[in-house]
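Numbering (this note's numbering), first residue to last: 2 to 299. Heads up, the thing below is written out as structure tokens.
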Amino acid sequence: MTDDQLPEWFERRPGQTVVQTWHGTPLGRFGTDLDGSLYADHHVLASLAHRSAQWSVLVSPSRFATPHLRRALAYGGEVLEAGSPAADLLFAPDREKTAERVRRRTGVPDGHRVVLYAPTYRDHLAHDRTAPSGDRPGPYRWDPALDTAALARSLGAGHTVLVRRHPRVTGSVPTGPGVLDVSGHPDTTELLLIADVLVTDYAGLVFDYAHTGRPMLFHTYDLEHYRDTVRGFCLDFETRAPGPLLVTTREVAHALRTTGVLAARHADAYESFRRDFCDLDDGGAAGRVADRLLADGT
Numbered sequence: 002m003t004d005d006q007l008p009e010w011f012e013r014r015p016g017q018t019v020v021q022t023w024h025g026t027p028l029g030r031f032g033t034d035l036d037g038s039l040y041a042d043h044h045v046l047a048s049l050a051h052r053s054a055q056w057s058v059l060v061s062p063s064r065f066a067t068p069h070l071r072r073a074l075a076y077g078g079e080v081l082e083a084g085s086p087a088a089d090l091l092f093a094p095d096r097e098k099t100a101e102r103v104r105r106r107t108g109v110p111d112g113h114r115v116v117l118y119a120p121t122y123r124d125h126l127a128h129d130r131t132a133p134s135g136d137r138p139g140p141y142r143w144d145p146a147l148d149t150a151a152l153a154r155s156l157g158a159g160h161t162v163l164v165r166r167h168p169r170v171t172g173s174v175p176t177g178p179g180v181l182d183v184s185g186h187p188d189t190t191e192l193l194l195i196a197d198v199l200v201t202d203y204a205g206l207v208f209d210y211a212h213t214g215r216p217m218l219f220h221t222y223d224l225e226h227y228r229d230t231v232r233g234f235c236l237d238f239e240t241r242a243p244g245p246l247l248v249t250t251r252e253v254a255h256a257l258r259t260t261g262v263l264a265a266r267h268a269d270a271y272e273s274f275r276r277d278f279c280d281l282d283d284g285g286a287a288g289r290v291a292d293r294l295l296a297d298g299t
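Take a look at the structure:
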């Protein structure tokens with residue numbers, strides 16, 4: 002079982018079952034959808050059909066995601082629309098107990114409001130693209146536009162800003178009063194569980210976080226460049242985003258102080274986002290995957 006691409010050399014053995022759960026619903030375009038774009042990795046594109054042919058079944062997190070995953074991953078096999086097993090935690094009966102454990106482990110003081118800042122990577126910030134992929138550190142550089150130190154100062158006492166680098170990004174995350182680096186935490190969903198507010202940009206984790214019903218803010222300082230040059234979107238992001246699109250650190254700080262007003266303003270967009278793009282999750286995705294495997298004895 003895997004939630005990402007397997008190595009190019011991997012070949013499924015006769016009788017072996019490979020379950021691809023993928024790592025979420027795509028927001029930014031990827032895979033074959035990037036063919037012909039400025040930052041397309043042609044070696045990766047050429048290997049997609051072979052890699053996806055090694056899967057026995059692809060688990061889709063939503064009906065919206067299914068056609069995008071099929072096309073972008075060059076996959077023609079069985080798809081199980083089961084929801085996201087990783088998101089089951091957000092529905093678990095003991096999730097509050099889990100949240101307490103995660104808050105202790107990450108060092109969040111008791112009673113603090115948690116702001117999770119979790120941006121995606123930028124293709125134009127790649128390390129040396131001419132080097133073999135195994136030799137690239139990351140392969141993307143950490144170069145955030147959001148000033149988390151200023152954000153923490155603006156919010157003041159009673160707040161903790163957690164910073165989560167994308168797994169494909171390398172670089173030092175500055176920490177300080179009110180700012181903790183949680184990039185090394187092994188489970189992103191656990192961080193979503195403890196976040197009172199999510200600040201991101203174009204990261205696909207917004208689809209999982211929508212199940213919490215908590216506010217989301219979008220730091221979209223490079224929206225036009227990302228949309229028109231870097232990747233583009235799998236949906237009309239500017240009209241469907243379940244929260245405000247913000248440009249500066251000052252705007253993000255102000256939004257964090259007025260989340261109640263913003264939540265009411267974006268309530269309809271939030272609900273339609275969850276309905277249209279997060280329709281299969283209910284806490285039972287892992288069970289549905291297990292049922293599928295047991296049904297034919299695999």
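All C-beta atoms, glycine included, are put in the ideal place defined by N, C-alpha and C.
- [ ] Measuring alpha carbon to alpha carbon, tell me which of 195, 53, 54 ends up nearest residue 106.
- [x] 195
Open item on the list: Rounding to the nearest angstrom, what Cα-Cα distance links residue 72 and residue 246 in this structure?
Closed with: 29 Å
Task: 8 Å Cβ cutoff met for residue 74 and residue 37 - done: no
Open item on the list: Per DSSP, what are the beta-bridge partners of residue 182 in this structure?
Closed with: 164
Open item on the list: Rounded to the nearest angstrom, what separates residue 13 and residue 264 at their Cα positions?
Closed with: 47 Å
Open item on the list: Under DSSP, the beta strand (DSSP E) around residue 220 begins and ends at which residues?
Closed with: 217-220
TODO: Figure out for me which residue from 120, 78, 16, 17 has the closest Cα to the Cα of residue 203.
DONE: 120
Task: 8 Å Cβ cutoff met for residue 180 and residue 201 - done: no
Task: Other residues of its chain near residue 279: CB distance less than 7 Å, five sequence neighbours each side excluded - done: 63, 208, 211, 212
Task: Helix, strand or coil at residue 288 [DSSP, three-state] - done: helix
Task: residue 66 beta carbon less than 8 Å from that of residue 286 - done: no
TODO: Name, in chain order, the residues that DSSP records as bridge partners for residue 115.
DONE: 161
Task: Minimum C-alpha distance to residue 25 - residue among 3, 231, 266 - done: 3
Task: Given 8 Å, three or more beta-carbon pairs between the region 221-231 and the region 164-183 - done: no
Task: Integer-rounded CB distance, given that residue 83 should sit under 8 Å from residue 215 - done: With 8 Å as the limit, residue 215 and residue 83 do not qualify as a contact, their Cβ atoms being about 24 Å apart.
- [ ] Excluding the 5 residues preceding and the 5 following residue 135 in the sequence, name in chain order all residues of the same chain whose CB lies nearer than 7 Å to its CB.
- [x] In this predicted model, residue 135 has a pLDDT of only 46, less than 50, meaning its place in the structure is not dependable; the value taken from the coordinates is given anyway. Closer than 7 Å at Cβ, skipping near neighbours: no residue.
- [ ] Note down, one range per segment and in chain order, each alpha helix (DSSP H) of at least 4 residues found wholly within the region 199-253.
- [x] 207-210, 238-241
TODO: Output the distance between the C-alpha atoms of residue 269 and residue 295, rounded to the nearest integer angstrom.
DONE: 40 Å
Task: Residue span of the beta strand (DSSP E) that contains residue 262, given as start and end - done: Residue 262 -> not in any beta strand (DSSP E); alpha helix (DSSP H) instead, spanning 260-266.
Task: Meets three-Cβ-pair contact criterion under 8 Å: the region 146-161 and the region 232-242 - done: no
Open item on the list: One question on the structure: do residue 1 and residue 218 come within less than 8 Å of each other, judged by their Cβ atoms?
Closed with: With the chain running from 2 to 299 in the structure shown, residue 1 is simply not present.
Open item on the list: Distance check for residue 59 and residue 52, CA to CA, integer angstroms please.
Closed with: 12 Å
TODO: Please work out which residues of its chain come closer than 8 Å, Cβ to Cβ, to residue 138, disregarding the five sequence neighbours upstream and downstream, and give them in chain order.
DONE: For residue 138, the predicted model reports a pLDDT of 46, less than 50, meaning its position is unreliable; a value from the coordinates is still stated below. 128, 171.
Open item on the list: residue 183 and residue 193 - do their beta-carbons sit closer together than 8 Å?
Closed with: no
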